[in-house]
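These notes are about the structure you will find just below.
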Amino acid sequence: MPTDAPVNFRLTLTDGIAEVSLDRPEKKNPLTFESYAELRDWFRGLVYRDDVKVVIFGSNGGNFCSGGDVFEIIGPLLDKDMKGLMEFTRMTGDLVKAIIGCGKPVIAAVDGVCAGAGAIIAMCSDLRMATPEAKTAFLFNRVGLAGCDMGACAILPRIIGQGRAADLLYTGRAMSAEEGERWGFYNRVVAASDIEDEARKMAKRIADGPTFANMMTKTMLAQEWNMGIEQAIEAEAQAQAICMQTQDFRRAYEAFAAKQKPVFEGN
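Sequential numbering of the sequence shown, starting at 12, is according to the working numbering.
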């Protein structure tokens, strides 16, 4: 994959932790056609990168993401034919699939506005934390669209339950950080001054773990949505047997026997 710095979003990489955020704070970080596509391609490329162990998708300028840019996305969509509209909606869905399929745990660190596609990015992350100021809105019906956007009707009920998901998707209202934590959407709520540090602490803890096994966990979390219990148990038996062949499994045993903390290397 290209090693050039991204054009449409911010990226830093330190000790296996990639920190990503949109970079239009003056407009509350909306997405454009270009940023959708570049993020999709970047997350797809993570499958082949060993230097990235965890991703933090963070906020910028006090906001996470305000969704698709009204004038750069919504306006131009009015002039597209059905083929062009399908190309766009499939591209946005491909971003979700890329985040779910990237093989790396993704932490969303949400401050301020988290709306539309921004709420979707938070939704499809593995872990989510928010500041008390976070306002999360799946506001598609407020612009005349269905709530079934980018996998929302499949994924959101699995996180917060069918009735609560219906509440948000039918009304487009904002979910407060406190409500989001109580419903299980947010893993924790932390002060705005602390959210970057807390996200990094969580990311470091994950990055210090067995990264191959973490990839397998992420894979199973996604694949087992479509399995019955018997199939899921068999799939996990196979996944765990594969992990038992790794050197990290041996390192954990040897460290335990020596009464030491294991140092994982991802193989």
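Positions of the beta carbon are idealized from the N, C-alpha and C atoms, including for glycine.
Tell me the rounded alpha-carbon separation between residue i and residue j.
i	j	result
K212	L150	31 Å
M12	E49	Residue placement at M12 is poorly supported in this model, since its pLDDT is 39, which falls under 50; the coordinates still yield a value, given next. Going by the C-alpha atoms only, they are around 12 Å apart.
N152	R175	16 Å
I166	Q249	25 Å
C159	L180	8 Å
V124	D80	13 Å
S187	E241	38 Å
F75	N237	30 Å
R51	Q271	40 Å
A203	D92	43 Å
For residue i, which of the options has the nearest alpha-carbon?
i	options	result
A128	I67, E144, N40	N40
A218	G277, E235, V201	G277
A233	S204, K215, D92, C113	C113
L138	C254, T43, I67	I67
A157	A243, G191, T100	T100
I131	G183, P221, G95, F82	G183
F82	S204, T25, K38	K38
Please return the same chain residues whose Cβ sits closer than 8 Å to the Cβ of residue i, not counting the five positions on each side in sequence.
i	result
T14	Here the model assigns T14 a pLDDT of 48, short of 50, so the residue's position is not dependable and the matter cannot be decided.
F223	C254, T257, D259, G277, N278
Can a CB atom of chain D be found closer than 8 Å to the CB of residue i?
i	result
D105	In the structure shown, chain D does not exist; there is a single protein chain.
Below 6 Å CB to CB, which residues in the same chain sit around residue i once its five sequence neighbours on both sides are set aside?
i	result
I28	V65, A214, A218
P273	R262, A263, A266
R21	S32, D34
Tell me residue i's beta-bridge partners as DSSP assigns them.
i	result
F20	L33
V121	A141
Alpha helix (DSSP H) runs wholly inside the stretch 40-91, at least 4 long, in chain order: 44-56
Kindly provide the ranges of any beta strand (DSSP E) runs that are 3 or more residues long and lie completely inside the stretch 131-179, ordered along the chain. At a cut-off of 3 residues, the continuous stretches assigned as beta strand (DSSP E) that sit fully inside the stretch 131-179 are 138-141, 146-148.
Give, in chain order, every unbroken run of the alpha helix (DSSP H) that is at least 4 residues long and sits entirely within the stretch 188-238. If one requires a minimum length of 4 residues, the alpha helix (DSSP H) runs lying completely within the stretch 188-238 are 188-194, 206-218, 222-234, in chain order.
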